[in-house]
Each structure stands twice: as structure tokens, then as C-alpha cells.
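Peer 1: Handing you this structure, nothing more for now.
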Amino acid sequence: MGRSMLSDFYQFAMMQGYFRAGQGGRRAVFEMFIRENPGGSGFTIFAGLEQFVEYLQGLSFGGKDIDFLRSLEHFDEDFLEFLREFRFTGSVSAMREGSVCFPGEPLVIVDAPLIQGHFVETALLTIINHQSLIATKAARVCYAAAGDDVLEFGLRRAQGPDAGLYGARAAYIGGCAATSNVLAGQKFGLPLRGTHSHSWILSFENELEAFRHYAAAFPDKIIFLVDTYDTINSGLPNAIRVFNEIKSAGKTLNNYGIRLDSGDFAYLSKIARRILDEEGHEAAKITASGDLDENLIQSLKLQGARVDMWGVGTRMITSRDAPALGGVYKLCAIEEGGEMRPRMKFSDNPEKVTTPGIKKIYRIFDSESHKIKADLVTLADEKPDDSKDLSLFDPKAPWKTMNLRAGEFYSKEMLIPIISGGKRVSEAAPIAEIRDYCAAQQDGLWEEYRRLVNPHIMPVDLSKKLFDLKNKILFARN
22 MGRSMLSDFY QFAMMQGYFR AGQGGRRAVF EMFIRENPGG SGFTIFAGLE
72 QFVEYLQGLS FGGKDIDFLR SLEHFDEDFL EFLREFRFTG SVSAMREGSV
122 CFPGEPLVIV DAPLIQGHFV ETALLTIINH QSLIATKAAR VCYAAAGDDV
172 LEFGLRRAQG PDAGLYGARA AYIGGCAATS NVLAGQKFGL PLRGTHSHSW
222 ILSFENELEA FRHYAAAFPD KIIFLVDTYD TINSGLPNAI RVFNEIKSAG
272 KTLNNYGIRL DSGDFAYLSK IARRILDEEG HEAAKITASG DLDENLIQSL
322 KLQGARVDMW GVGTRMITSR DAPALGGVYK LCAIEEGGEM RPRMKFSDNP
372 EKVTTPGIKK IYRIFDSESH KIKADLVTLA DEKPDDSKDL SLFDPKAPWK
422 TMNLRAGEFY SKEMLIPIIS GGKRVSEAAP IAEIRDYCAA QQDGLWEEYR
472 RLVNPHIMPV DLSKKLFDLK NKILFARN
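Numbering (the working numbering), first residue to last: 22 to 499.
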């Protein structure tokens with residue numbers, strides 16, 4: 022089944038309204054942006070673009086879709102006939118998937134006939150909001166793990182199959198080394214990892230027998246879950262006994278170790294590491310899993326936990342502390358009399374006042390460290406001149422300025438063409454390439470922006486021209 026009907030009812034209602042008013046063909050420009058980073062993060066990872074592009078390229082309404090809409094007795098027959106030929110013919114520019122991004126800047130720009138650009142709002146938001154949320158959570162977890170592999174184990178706790186599938190993709194982009202989700206491995210080419218459950222142990226007469234059978238089934242990837250009965254007095258000794266039996270048989274142990282799924286991970290992992298080393302199993306890895314998140318992992322690291330890999334499930338796949346990303350999609354320009362006119366949403370809440378006009382984003386880097394200094398949002402006909410001094414100011418507090426001398430900085434345009442005239446103009450990147458790009462993007466952040474608690478807020482500034490346009494429209498209204 023296609024995803025064309027993945028929309029809110031009012032999108033169809035507005036489509037018919039545009040159709041009936043003869044306004045659907047007007048050129049309109051919409052943009053998606055976030056108002057705040059999730060979970061107290063200093064940044065957001067932009068993810069889900071590939072699925073949105075797939076949605077746009079497959080956007081059409083078949084006979085069953087039309088019949089269902091007709092059955093609602095809400096839509097006119099000529100509008101339903103119009104839907105039979107409906108396709109997306111507009112253009113899309115966006116940040117590259119895996120980019121770090123910040124509140125108040127456009128992540129996706131849709132330039133299309135009004136009836137098309139407005140309709141795709143719901144699908145865009147559900148796709149991008151979810152994957153960006155989980156990718157950001159995964160990035161925070163991986164940052165806390167400080168170079169240790171993080172494995173995504175969340176499918177059984179995700180809010181449904183799609184959340185598990187696309188959440189696994191997003192978690193991999195955010196930095197996870199692998200997933201337990203086999204469908205995600207098949208669909209997206211993600212590396213797969215997994216061991217065995219407590220039920221495996223309980224299905225045998227004793228723990229030692231269970232370990233022996235598992236080792237016989239997977240001699241090259243032996244990870245024993247050691248906390249079914251007693252980690253230190255039963256699980257660990259039995260695991261070591263089987264390891265020793267394998268070595269005594271003249272076989273080489275590769276990719277082996279133990280998994281802790283309960284108890285005090287700092288205490289247990291330190292004891293397990295000492296005993297494994299004393300028994301000549303310095304190469305054995307210790308994996309921990311069970312209700313982990315970035316805060317607990319960071320705490321365990323500070324306590325000296327001897328964990329090599331972290332299996333993270335519920336709290337990452339659901340982003341438990343921040344279960345939704347509030348990305349929004351707003352009209353910023355529309356055709357009037359053959360010209361594009363800026364549009365701006367007003368509100369008593371200053372945070373909900375939008376910035377008008379068709380825009381670009383330029384990321385400003387420090388020339389020496391190559392770290393991000395700020396993001397500059399401009400009108401589409403502007404471009405910073407890196408050969409001249411650059412003065413930036415906070416649009417909410419214009420007296421706060423950042424003055425950069427020529428040679429101390431360089432800029433990079435962040436929005437790239439994805440679709441033009443309904444056809445894709447950029448190739449889909451392999452998932453591993455997106456993940457590597459995401460890692461490089463995070464490396465471009467100063468540590469102050471990556472820390473888990475009270476991070477610095479990245480400046481997202483407006484050009485003087487855009488700032489003046491916004492204020493002109495604001496004050497003209499008053």
C-alpha cells in the first residue's frame with residue numbers, strides 16, 4: 022500500500038477549497054523548521070529525507086483511494102477526478118541528511134503549486150520529525166558512550182512497527198553501530214547484532230548446557246547472557262568454563278564475551294573484567310543492556326564501568342524523555358500578480374512568529390578549527406562574502422553581535438537541490454555514507470554544544486536584509 026493517503030483530513034479539505042477557488046496553481050514556497058531542540062540537546066540531527074523523497078515520487082491516488090474519499094460524502098466529483106492525475110511537480114531543497122541543525126532555520130523548502138505544496142505538509146512532518154528525533158537521541162547516547170559501540174535494541178518497545186523500522190534507520194544515522202531489527206537490516210542494509218535471551222537459558226536443564234549448545238551453534242560469535250540466575254557465582258563461571266573448553270579443543274575464540282542485562286553494571290562489569298582477565302580472556306568483550314540512556318551511560322563511565330558495548334532499547338527508540346519533535350511547516354512566500362510575495366505568521370507568542378521570504382542558510386566555520394561559529398539565514402538572493410569582514414547579530418537581541426575578520430571564517434551553503442520539476446536531481450546516498458557525514462557534522466561542533474546538560478545555544482542569525490524585511494512586515498501590521 023502506498024503512503025499517498027498518509028495525511029490529515031483537513032489537507033484534502035483545503036485541496037478541494039483551492040481547487041474550487043481556482044487558486045491551486047499559484048506558486049507557493051513552504052519551509053519546515055524546528056522551534057527547539059529535543060530533550061535539552063544543543064543540536065538536532067536532520068534525518069528522514071530519503072523517505073520523504075520516496076513519498077513525493079510515489080504521490081498519486083488510485084481507484085481505491087478515490088472510492089474511499091467518495092464514500093465520505095464530503096468531496097465533489099470533479100475534485101475527485103482531479104485527484105486521479107495528481108502528482109508532485111514542484112521542487113525541494115533541503116539540508117543533506119545527517120546534518121546537524123538548529124531551531125529557527127529552514128530544514129526543507131518546498132516550492133510548488135499551492136495545492137501540492139500545502140498537501141505534503143503532514144507526511145513531511147511525520148517522517149522528518151520522527152527520524153530526526155530518534156537520530157538526535159542516538160547521537161546523544163553515542164556521545165555518552167565515548168567511542169564504545171552502541172547497539173540499537175528497541176524494536177519490541179517502539180510505538181509500532183514503523184516506529185521500530187524507521188527508528189532503527191535513524192539511530193544508525195545518529196551513530197549506532199548496529200541494530201537487532203532484522204527488517205531494518207534487510208530494507209536499509211544496516212549491520213545486525215544479537216545474542217540470546219534468558220528464555221534460551223531456561224529452556225535447557227542448566228545454564229552450562231545452554232551455553233555449550235549456543236557456542237556449538239555460533240562458534241565464531243559467542244556472547245553469553247550471564248545474569249539469568251547469578252551473574253558472578255553462576256553465569257560468569259559457566260561462561261568461562263565454556264570459553265576454556267573451546268580453547269582446550271584447539272579452537273580460536275573470535276568475537277566472544279558476555280552480556281549483562283540487569284544489576285549494577287558498574288560493579289558487575291568491573292568484577293567480570295577482572296575475572297575474565299585473570300582467566301586469560303582479555304579479548305572477551307562485555308556488553309551491557311537494559312533501560313540505558315545517555316545519562317545512565319555517562320554516569321556508569323564516570324564510575325569506571327568496564328563495558329565495551331551498550332545495547333540501548335526503550336529509552337532510545339521512544340526518545341522517552343522527549344517523545345516528540347515539534348517541527349512545523351509554514352508558508353513563507355506566494356505568487357501574486359506574477360511576483361513572489363513574502364508571507365509571515367503573526368502570534369501573541371513571539372516564538373510562533375515566522376520569518377518571511379524565500380531563504381538560504383550559510384553555515385559559518387572558524388578557519389583554524391573548522392568548528393561551527395553560527396548559522397546565517399539569508400534571503401535567496403544573498404550570499405556572504407568570505408573575503409570581507411562579517412558582522413552577525415542575534416535577531417532577538419540585536420545588541421549581541423559577533424564580528425568576524427576576513428580570513429578567520431568561511432561559509433558553506435547548507436540547502437541543496439533535491440527535486441526539481443517533480444524529478445529527483447540528487448542521488449540517494451548510501452546509509453553508511455549518511456552515518457559518516459553525521460559523525461563529521463557532530464565533530465564540527467564545539468564540545469560546549471554537545472554536552473548533555475545545559476549546552477551552549479548555537480547562534481542562528483538573520484542577515485540584515487532579512488531582519489529588516491521581517492520588521493517591516495511586523496510594523497506595517499501595527
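Note that CB positions come from ideal geometry on N, CA and C, so glycine has one too.
(1) Below 7 Å CB to CB, which residues in the same chain sit around V374 once its five sequence neighbours on both sides are set aside?
(2) Tell me which residues share the same chain as A165 and place their Cβ nearer than 6 Å to its Cβ, disregarding the 5 neighbours each side in the sequence.
(3) I'd like the list of long-range same chain contacts for H5, defined as Cβ closer than 7 Å, with 5 residues on each side in sequence excluded.
(4) Contact defined as beta carbons within less than 8 Å: I believe F82 pairs with F107. What is the distance between those atoms, to the nearest angstrom?
(5) Scan the region 286 to 338 and note each continuous beta strand (DSSP E) run of 3 residues or more that stays entirely inside, going in chain order.
(6) Entirely within the region 48 to 77 and at least 4 residues each: give me those alpha helix (DSSP H) ranges in chain order.
(7) Taking just the CA atoms, how far does W467 sit from E142?
(8) Just list the residues that DSSP pairs V349 with in beta bridges.
(9) Excluding sequence positions up to five away, which residues of its chain have a Cβ less than 7 Å from the Cβ of E71?
(10) For S112, does the three-state DSSP call read helix, strand or coil?
(11) State the start and end residues of the unbroken alpha helix (DSSP H) segment that holds I253.
(12) Any chance the region 145 to 161 sits against the region 54 to 66, with 3 or more Cβ pairs inside 8 Å?
(13) Once DSSP output is grouped into helix, strand and coil, what is the label at M22?
(14) Identify whether T147 lies in helix, strand or coil by the three-state DSSP scheme.
(15) If distances are taken between C-alpha atoms only, which option among I379, R280, I455, G359 comes closest to E126?
(16) Would you say Y164 lies against chain C (beta-carbon separation less than 8 Å)?
(17) How many angstroms separate the CA atom of H391 from the CA atom of A460?
(18) Would the C-beta of Y383 count as close to the ligand MN, meaning under 7 Å from any of its heavy atoms?
(19) Apart from the five residues just before and just after E429, which ones in its own chain have a Cβ nearer than 6 Å to its Cβ?
(20) Rank I148, V398, R364, L186 by C-alpha distance to the C-alpha of L495 and give the top, closest one.
(21) Determine whether the beta carbon atoms of C409 and A395 lie at a separation below 8 Å.
(22) Are the CB atoms of D482 and M330 nearer to each other than 8 Å?
(23) Determine the burial state of F89: buried for a count of at least 16 other Cβ atoms within 10 Å of its Cβ, exposed for fewer.
(24) Tell me, please, whether the region 259 to 275 touches the region 193 to 208 by the rule of three or more beta-carbon pairs shorter than 8 Å.
(25) From which residue to which residue does the beta strand (DSSP E) around A418 run?
(26) Beta carbon of F286, beta carbon of A305: below 8 Å?
(27) Quick one: Cα of V162 to Cα of T339, how far?
(28) Since I440 and V113 should fall inside the 8 Å C-beta cutoff, what is the C-beta to C-beta distance between them, to a whole number of angstroms?
(29) Let me check one thing: in DSSP terms, what residues is A133 bridge-paired to?
(30) Please work out which residues of its chain come closer than 8 Å, Cβ to Cβ, to K291, disregarding the five sequence neighbours upstream and downstream, and give them in chain order.
(31) Report all residues from its chain with a CB closer than 8 Å to the CB of F103; omit the five preceding and five following residues, and keep chain order.
(32) I149 to P182, Cα distance in whole Å?
(33) List the whole-angstrom C-beta distance separating F140 from Q32, where the pair is believed to meet the contact cut-off of C-beta under 8 Å.
(34) Between the beta-carbon of A34 and the beta-carbon of A133, is there less than 8 Å?
(35) Consult DSSP for D86 and reduce its assignment to one of helix, strand or coil.
Peer 2: Here's the rundown:
(1) Locating residue 374 in the sequence shown gives position 353, counting from the first residue. Taking V374 as the centre and dropping the five residues before and after it, the same chain places the C-beta of K366, F367, S368 closer than 7 Å to its C-beta, in chain order.
(2) For the purposes of this step, residue 165 is taken as residue 144 along the sequence shown, with counting starting at 1. E315, I318, Q319.
(3) The first residue shown for the chain is 22 and the last is 499, placing residue 5 beyond what the model contains.
(4) To locate residue 82, count along the sequence shown from 1; it is residue 61. To locate residue 107, count along the sequence shown from 1; it is residue 86. Contact flag correct, Cβ pair sits at about 6 Å.
(5) As summarised for the region 286 to 338, the continuous beta strand (DSSP E) elements at least 3 residues long and confined to that stretch are 306 to 310, 330 to 333, given in chain order.
(6) As far as the region 48 to 77 is concerned, it has no whole alpha helix (DSSP H) run of at least 4 residues.
(7) The sequence position of residue 142 within the sequence shown is 121, counting from 1. The sequence position of residue 467 within the sequence shown is 446, counting from 1. Whole-angstrom Cα-Cα distance: 33 Å.
(8) Against the sequence shown, residue 349 aligns to sequence position 328. The partner list for V349 (beta bridge, DSSP) reads F54.
(9) Position 50 of the sequence shown, counted from the start, is the residue given in the question as residue 71. The residues are E118, A449.
(10) By one-based count along the sequence shown, residue 112 stands at place 91. Note: S112 maps to strand in three-state DSSP.
(11) Position 232 of the sequence shown, counted from the start, is the residue given in the question as residue 253. For I253, no alpha helix (DSSP H) encloses it, and the DSSP letter there is neither H nor E.
(12) The region 145 to 161, when compared against the region 54 to 66, does touch it at the 8 Å Cβ threshold.
(13) In the sequence shown, counting from the first residue as 1, residue 22 sits at position 1. With a pLDDT of only 45 at M22, under 50, the local geometry of the prediction cannot be trusted, and no value is derived from it.
(14) If you number the sequence shown from 1, residue 147 lands on position 126. In the structure shown, T147 sits in a helix (DSSP, three-state: H, G or I).
(15) Stepping through the sequence shown from its first residue, residue 126 is reached at position 105. Taking each of I379, R280, I455, G359 in turn and checking the Cα distance to E126, the smallest one comes out for I379.
(16) Here there is only one protein chain, and chain C is not present.
(17) Stepping through the sequence shown from its first residue, residue 391 is reached at position 370. Stepping through the sequence shown from its first residue, residue 460 is reached at position 439. Cα-Cα distance, rounded: 14 Å.
(18) Questions concerning the ligand MN fall outside what the structure shown contains, since it holds no ligand whatsoever.
(19) Position 408 of the sequence shown holds residue 429. The residues are S388.
(20) Position 474 of the sequence shown holds residue 495. If we check each option's Cα against that of L495, R364 comes out closest.
(21) Residue 409 sits at position 388 when you count from the first residue of the sequence shown. Residue 395 sits at position 374 when you count from the first residue of the sequence shown. Before going further, note that residue 409 is Lys rather than Cys in the sequence given. Not a contact, by the Cβ cut-off of 8 Å.
(22) Residue mapping note: residue 482 aligns to position 461 of the sequence shown, counting from 1. Residue mapping note: residue 330 aligns to position 309 of the sequence shown, counting from 1. Taking 8 Å as the Cβ cut-off, D482 and M330 do not qualify as a contacting pair.
(23) As a first step, residue 89 is located in the sequence shown; it is residue number 68 there, counting from the start. Flag for F89 reads exposed.
(24) Counting C-beta pairs closer than 8 Å gives fewer than three between the region 259 to 275 and the region 193 to 208, which falls short of the contact rule.
(25) Position 397 of the sequence shown, counted from the start, is the residue given in the question as residue 418. Annotation for A418: the continuous beta strand (DSSP E) segment containing it runs 418 to 425.
(26) Taking the sequence shown and counting its residues from 1, one reaches residue 286 at position 265. Taking the sequence shown and counting its residues from 1, one reaches residue 305 at position 284. No.
(27) Your numbering for residue 162 matches position 141 in the sequence shown. Your numbering for residue 339 matches position 318 in the sequence shown. About 13 Å.
(28) In the sequence shown, the residue the question calls residue 440 occupies position 419. In the sequence shown, the residue the question calls residue 113 occupies position 92. A Cβ-Cβ separation of about 4 Å places I440 in contact with V113 under the 8 Å criterion.
(29) Residue 133 sits at position 112 when you count from the first residue of the sequence shown. Partner(s): A49.
(30) Within the sequence shown, the letter at position 270 stands for residue 291. So the list reads G325, A326, R327, once near-sequence residues are dropped.
(31) Within the sequence shown, numbered from 1, the residue matching residue 103 stands at position 82. The residues are F40.
(32) Looking up residue 149 in the sequence shown gives position 128. Looking up residue 182 in the sequence shown gives position 161. For I149 and P182, the distance between alpha carbons rounds to 17 Å.
(33) Residue 140 sits at position 119 when you count from the first residue of the sequence shown. Residue 32 sits at position 11 when you count from the first residue of the sequence shown. Contact flag correct, Cβ pair sits at about 5 Å.
(34) Counting from 1 along the sequence shown, the entry for residue 34 is found at position 13. Counting from 1 along the sequence shown, the entry for residue 133 is found at position 112. Annotated as distal: A34 and A133, with beta-carbon spacing of 8 Å or more.
(35) As a working note, residue 86 is residue 65 in the sequence shown. The answer is helix: DSSP assigns D86 an H, G or I state.
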